[in-house]
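Here is the structure we will look at.
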Amino acid sequence: MSATMINEDFRTRAKAFLQTNGMPTSRDEEWRFTNLRKYFTDAVAPNSTSVELPAYYHNCEGNKIVLVNGVLDAERSQFDNTIEVTNTHPLLGSGIQEENYFTALNAANYTDALCISVKGENQPIHIFHIITKAEFVFPRILLSAKRSSSVVVNEFYTTSSTANVSAVIEVFLEENANVNWHAIQHDNGALNVVNHVEAQVARDARFQYVSLSQNSRFIRNTIQARLNGENAYASLNGFYQTDGESLVDNHVLIDHKVANCESHQLFKGLLDGEGTGVFNGKIMVHQDAQKTNAYQSSKAVLLSETATIHTKPQLEIFADDVKCSHGAAIGQMNKNEIFYFMARGIDEKKAAAILNYAYVVELYERVSDEKLKAYLIEKLKKESDIDF
Amino acid sequence: MLVIRNLNVAIGEKKILKDFSLTINAGEVHAIMGPNGTGKSTLASVLAGKAEYEVESGEVFFEGVNLLELTPDARALAGVFLAFQYPVEIPGVTTTNFMKAAVNAKRKHDGLEPLDAKSFLQLMNEKRQIVELDKSYLSRSINEGFSGGEKKRNEIFQMAMLNPKLAILDETDSGLDIDALRIVANGVNSLRTKENSFLVITHYQRLLNYIVPDFVHIMYDGKIVKTGDKSLALQMEEKGYDWVKEELAAN
Ligand SMILES: Nc1ncnc2c1ncn2[C@@H]1O[C@H](COP(=O)(O)OP(=O)(O)O)[C@@H](O)[C@H]1O
Ligand SMILES: [Mg+2]
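Line by line, the protein sequences are chains A and B. Going by this note's numbering, the first residue of the first sequence is number 1331, and it counts up by one from there. Going by this note's numbering, the first residue of the second sequence is number 98, and it counts up by one from there.
Set out below in structure tokens:
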């Protein structure tokens, strides 16, 4: 890793932003349904002494990068010499189009950035976040995918006691590049994370993102893809599961800036207990973005009377020759489907498990890394008591 | 095998089955014919255990067991099968996986080990051929995008897989072309034994040319009003349901 001067300009701007902007409240339109103060309290939990790497660290092949509290752990990281890893990058900070409290908080406080440049075809890059302290940690990641390169990034979170994370991820896709990013936000129920991902997508490039948000306490994903060149493609997908008092909030934006681009959004929630889900999916089609194809689908299943879901599709279309569609469905477990199973001798619990599994696995199947997909589906089957 | 005595069933305020009685012995095929809205599907649903119906009075015994006290899955495991008039589509669950769960639930109930992958595949292949169902359907989501005839064949396929003691077919023939009808009927006939019984609900006599019943019952306004042999079905087809209504009025 080569040490370079940290770009002080955007840090200074972020600090200035924080001078005049505090943590957002529900009066802020972007945070209407998400009470941050409930999850990020001042009470400081004890730090964890050791947090084990997840099992997949030992199973996976390719590049492995371990970030302990946002800082590279060189000893446990290993990567091919075809990928370039540095602690800063000329583009750092430039991928965030609109500063907000958490992007600024991160910019003002991160210690080292993880900046990765890739060219050509690459082995998957696995990023393991290990959080051992209760104070806020600030992972800062930048991926620069050079012209016609392709790479898969798999990101995992592991904590053992309360963890508060504000992460910022900037992804730059040059012409014809291909990035598939999978955020595996499974945890032991102690994770609070605000995750800001912003991808700048050049012509003919393809960005696909899949988040699987389960067993955490609080997750806010702000996922934005900006389609800056013709024939760019973005597909943003997520599955979220809440139980107890947990909350998952997905704020998704696809920004069609130029003509002839295509985008997809598919988000599905499974909400139990007193859990809360938020889905805000925005499709922005600028005046010049003719022949845009943009699709959005959001589904949520409420498993209890006390679970809550807030969904809000937002279409802002300023071009006249576009194909846009969106659908939002909220439902309970379908009684007729359960009855069909029971009429074949399958008990109610098993029927519900199979139906839930079928609902969830659609998002798991969007994971494009075959090895990771097989691993996650196997795990899901075990957890759901599915034996086929 | 099945004894229904003075069954009264309502949905909400509406009384649908009125003092309905019927006895089916092992190995018999009974057909129930009747106009739309007379309560045929309600009878089938109540026997299978669908929740929204209220049984106000009466009793149903299946092999001496009070069927009304069992959950739907327990009824299926005891050997009752319903081929639905309108089978649901279930996205994301293949017929193969669905049948694996069903067959293994039954085997568990019977104190048997789950079938190994190879034997299960063999069983599926054997049974799907009875209803001439292409292999590809089994790896698709249950009934999703299936035509009416394909859905009905899938029901009979499932019946063949589970080999029930009592199969209730709710208008499995309605809307089928003659080829599909023959396939469905062959499926049923191939499962007829001295032990297995069938309750075939139909709106049309045509099916009974292929599945020859031991008894034909005419159902009207929530109960059986006339019982005969297969010639009654022909009479019905010829004279129409109005004939029954007139006869009833005359009495
Ligand atoms: N879920 C339901 N809710 C309200 N009414 C119903 C329901 N199911 C059936 N019915 C009514 O009960 C009567 C009998 O219906 P059904 O059993 O489906 O008749 P059939 O199968 O003989 O055509 C009809 O009048 C129908 O409208
Ligand atoms: Mg009916």
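Even glycine gets a Cβ: it sits at the ideal position worked out from N, Cα and C.
Checklist line | Contacts of A:K1680 in chain B (Cβ-Cβ under 7 Å) | finding: Sequence index remark: in the first sequence, residue 1680 of chain A carries index 350 (1-based). Those within 7 Å of A:K1680 in chain B are A198.
Item checked: Simplified DSSP state of A:E1436, which is helix, strand or coil -> Counting from one through the first sequence, the residue named residue 1436 of chain A turns up at place 106. First, the residue type needs correcting, since residue 1436 of chain A is Asn and not Glu in the sequence shown. Here A:N1436 sits in helix by DSSP.
Next item on the list: For my contact list, B:A173 and A:G1352 are in at a C-beta cut-off of 8 Å; report their separation, rounded to the angstrom.
Entry: Along the second sequence, read from residue 1 onward, the residue named residue 173 of chain B stands at position 76. Along the first sequence, read from residue 1 onward, the residue named residue 1352 of chain A stands at position 22. The beta-carbon distance between B:A173 and A:G1352, rounded to whole angstroms, is 60 Å. This is too long to meet the 8 Å contact definition.
Next item on the list: Could you work out which residue in B:L278, B:L235, B:G245 and B:S294 is closest to B:G176 when comparing CA atoms only?
Entry: Position 79 of the second sequence holds residue 176 of chain B. When only C-alpha atoms are compared, the closest one is B:S294.
Notebook entry, point to check: Do A:V1582 and A:Q1595 have their C-beta atoms closer together than 7 Å?
Noted result: Translated into the one-based positions of the first sequence, residue 1582 of chain A becomes position 252. Translated into the one-based positions of the first sequence, residue 1595 of chain A becomes position 265. A contact, by the Cβ cut-off of 7 Å.
Note to self: Following a CB-centred definition, is B:Q182 positioned closer than 6 Å to any heavy atom of ligand 2?
What the structure shows: Residue numbering aside, residue 182 of chain B sits at position 85 when the second sequence is read from its first letter. True, at least one ligand heavy atom lies under 6 Å from that Cβ.
Checklist line | Limits of the beta strand (DSSP E) - the one that A:E1414 falls within | finding: As a first step, residue 1414 of chain A must be located in the first sequence, where it is residue number 84. Counting along the chain, the unbroken beta strand (DSSP E) around A:E1414 starts and ends at E1414 to T1416.
Margin query: Counting only beta-carbon separations shorter than 7 Å, does A:A1630 have a partner in chain B?
Written below: Here residue 1630 of chain A is taken as the residue at index 300 of the first sequence, counted from 1. Not one beta carbon of chain B lies nearer than 7 Å to the beta carbon of A:A1630.
Next item on the list: Return the residues of the segment 107–130 of chain B that lie within a Cβ-Cβ distance of less than 7 Å from chain A, sorted by chain order.
Entry: none
Next item on the list: Can you check DSSP and say which residues form a bridge with A:D1585?
Entry: Looking up residue 1585 of chain A in the first sequence gives position 255. In the DSSP output, where bridge partners are listed per residue, A:D1585 has A:R1556 and A:M1614.
Checklist line | Boundaries of the alpha helix (DSSP H) in which A:N1510 is found, first to last residue | finding: Here residue 1510 of chain A refers to the residue found at position 180 when the first sequence is read from its first residue. Taken as a continuous stretch (DSSP letters only), A:N1510 belongs to no alpha helix (DSSP H), being part of the beta strand (DSSP E) at N1508 to H1516.
Next item on the list: Specify, as a first and last residue, the run of the alpha helix (DSSP H) that A:Y1387 falls within.
Entry: For the purposes of this step, residue 1387 of chain A is taken as residue 57 along the first sequence, with counting starting at 1. Per DSSP, A:Y1387 belongs to the alpha helix (DSSP H) from A1385 to N1389.
Margin query: Can you tell me whether A:F1720 is helix, strand or coil according to DSSP?
Written below: Because chain A here runs from 1331 to 1718, residue 1720 of chain A falls outside it and cannot be looked at.
Notebook entry, point to check: What does B:G284 touch in chain A if you count any residue whose Cβ is under 7 Å from its own?
Noted result: Start at 1 with the first residue of the second sequence, and residue 284 of chain B comes out as number 187. Ordered by position in chain A, no residue passes the 7 Å Cβ test against B:G284, which lies about 17 Å from the chain.
Item checked: Any non-hydrogen atom of ligand 1 closer than 6 Å to B:S244 Cβ -> Taking the first residue of the second sequence as 1, we reach residue 244 of chain B at position 147. No, Cβ of B:S244 sits at least 6 Å from all heavy atoms of ligand 1.
Notebook entry, point to check: Can you find a heavy atom of ligand 1 that lies under 6 Å from the Cβ of B:G134?
Noted result: In the second sequence, counting from the first residue as 1, residue 134 of chain B sits at position 37. B:G134 Cβ: within cutoff of ligand 1.
Margin query: Can you list, in chain order, the residues of its chain with a C-beta nearer than 7 Å to that of B:F195? Leave out the 5 residues immediately preceding and following it.
Written below: Position 98 of the second sequence, counted from the start, is the residue given in the question as residue 195 of chain B. Excluding positions up to five away in sequence, the list reads I239.
Check: Can you give the Cα-Cα distance for A:M1331 and A:D1651, rounded to whole angstroms?
Finding: As a working note, residue 1331 of chain A is residue 1 in the first sequence. As a working note, residue 1651 of chain A is residue 321 in the first sequence. The predicted position of A:M1331 is uncertain, since its pLDDT is 40 and thus under 50; no value can be drawn from it.
Next item on the list: Would you mind telling me which residues of chain B sit closer than 9 Å to A:I1514, beta carbon to beta carbon, in chain order?
Entry: In the first sequence, residue 1514 of chain A corresponds to position 184, counting from 1. Within 9 Å Cβ-Cβ: nothing; A:I1514 doesn't reach chain B, min ~21 Å.
Check: To the nearest angstrom, how far is it from the Cα of A:S1546 to the Cα of B:L218?
Finding: Within the first sequence, numbered from 1, the residue matching residue 1546 of chain A stands at position 216. Within the second sequence, numbered from 1, the residue matching residue 218 of chain B stands at position 121. Distance between the alpha carbons of A:S1546 and B:L218 is about 40 Å.
Checklist line | Rounded straight-line distance, which links the Cα of B:L304 to that of B:A347 | finding: Locating residue 347 of chain B in the second sequence gives position 250, counting from the first residue. Locating residue 304 of chain B in the second sequence gives position 207, counting from the first residue. The alpha-carbon separation between B:A347 and B:L304 amounts to approximately 30 Å.
Notebook entry, point to check: What whole-angstrom Cβ distance do A:A1532 and A:V1501 have, given they're in contact under 8 Å?
Noted result: Stepping through the first sequence from its first residue, residue 1532 of chain A is reached at position 202. Stepping through the first sequence from its first residue, residue 1501 of chain A is reached at position 171. Their Cβ separation, rounded to whole angstroms, is 11 Å, which puts A:A1532 and A:V1501 out of contact at 8 Å.
Margin query: Rounding to the nearest angstrom, what Cα-Cα distance links B:E110 and B:E343 in this structure?
Written below: Start at 1 with the first residue of the second sequence, and residue 110 of chain B comes out as number 13. Start at 1 with the first residue of the second sequence, and residue 343 of chain B comes out as number 246. Rounded to whole angstroms, the separation of the alpha carbons of B:E343 and B:E110 is 28 Å.
Check: On the three-state DSSP scale, how would you describe B:H300?
Finding: Position 203 of the second sequence, counted from the first residue, corresponds to residue 300 of chain B. In the structure shown, B:H300 sits in coil (DSSP, three-state: anything other than H, G, I, E or B).
Notebook entry, point to check: So which residues of chain A does B:A173 contact, with C-beta pairs closer than 9 Å?
Noted result: For the purposes of this step, residue 173 of chain B is taken as residue 76 along the second sequence, with counting starting at 1. Correct list: M1672, A1673, R1674, G1675 and I1676.
Check: Who are the near neighbours of B:R102 in its chain, counting only those whose CB is closer than 7 Å to its CB and skipping five residues on each side?
Finding: Translated into positions along the second sequence, residue 102 of chain B becomes position 5. Closer than 7 Å at Cβ, skipping near neighbours: S118, G155 and E156.
Notebook entry, point to check: Is there at least one Cβ from chain B nearer than 7 Å to A:A1688's Cβ?
Noted result: Sequence index remark: in the first sequence, residue 1688 of chain A carries index 358 (1-based). Yes, contact with chain B.
Checklist line | 6 Å CB neighbourhood of A:A1344 in its chain, flanking five on each side removed | finding: Locating residue 1344 of chain A in the first sequence gives position 14, counting from the first residue. Excluding residues within five positions, the ones whose Cβ falls inside 6 Å are A1434, A1437 and A1438.
Note to self: Can you tell me whether A:S1634 is buried or exposed? The criterion is at least 16 other CB atoms within 10 Å of its CB, across all chains shown.
What the structure shows: Taking the first residue of the first sequence as 1, we reach residue 1634 of chain A at position 304. Looking at its Cβ environment, which holds fewer than 16 other Cβ atoms inside 10 Å, A:S1634 is exposed.
Margin query: Does the segment 253–266 of chain B come into contact with the segment 206–215 of chain B, if we say contact requires no fewer than three beta-carbon pairs (one atom in each stretch) closer than 8 Å?
Written below: Cβ pair count under 8 Å is below three, so no.
Next item on the list: To the nearest angstrom, report how far apart A:I1660 and A:N1623 are at their CA atoms.
Entry: Along the first sequence, read from residue 1 onward, the residue named residue 1660 of chain A stands at position 330. Along the first sequence, read from residue 1 onward, the residue named residue 1623 of chain A stands at position 293. If you take the alpha carbons of A:I1660 and A:N1623, they lie about 24 Å apart.
Item checked: B:L165 and B:G136 closer than 7 Å at C-beta -> Here residue 165 of chain B corresponds to residue number 68 of the second sequence, with the count starting at 1. Here residue 136 of chain B corresponds to residue number 39 of the second sequence, with the count starting at 1. No. Outside cutoff.
Next item on the list: Flag A:K1665 as yes when its Cβ comes closer than 6 Å to any non-hydrogen atom of ligand 2, and as no otherwise.
Entry: Here residue 1665 of chain A refers to the residue found at position 335 of the first sequence. Outside the cutoff, so no.
Checklist line | Outcome for A:T1741 when other beta-carbon atoms lying within 10 angstroms are tallied against a minimum of 16 | finding: Coverage of chain A is limited to positions 1331 through 1718, which leaves residue 1741 of chain A absent and any answer about it impossible.
Check: Do the CB positions of A:V1483 and A:W1511 come within less than 7 Å of each other?
Finding: Sequence index remark: in the first sequence, residue 1483 of chain A carries index 153 (1-based). Sequence index remark: in the first sequence, residue 1511 of chain A carries index 181 (1-based). Contact flag set, yes.
Margin query: Is the beta carbon of B:E252 closer than 7 Å to that of B:H300?
Written below: Counted from its first residue, the second sequence places residue 300 of chain B at position 203. Counted from its first residue, the second sequence places residue 252 of chain B at position 155. Result no, Cβ atoms of B:H300 and B:E252 do not sit closer than 7 Å.
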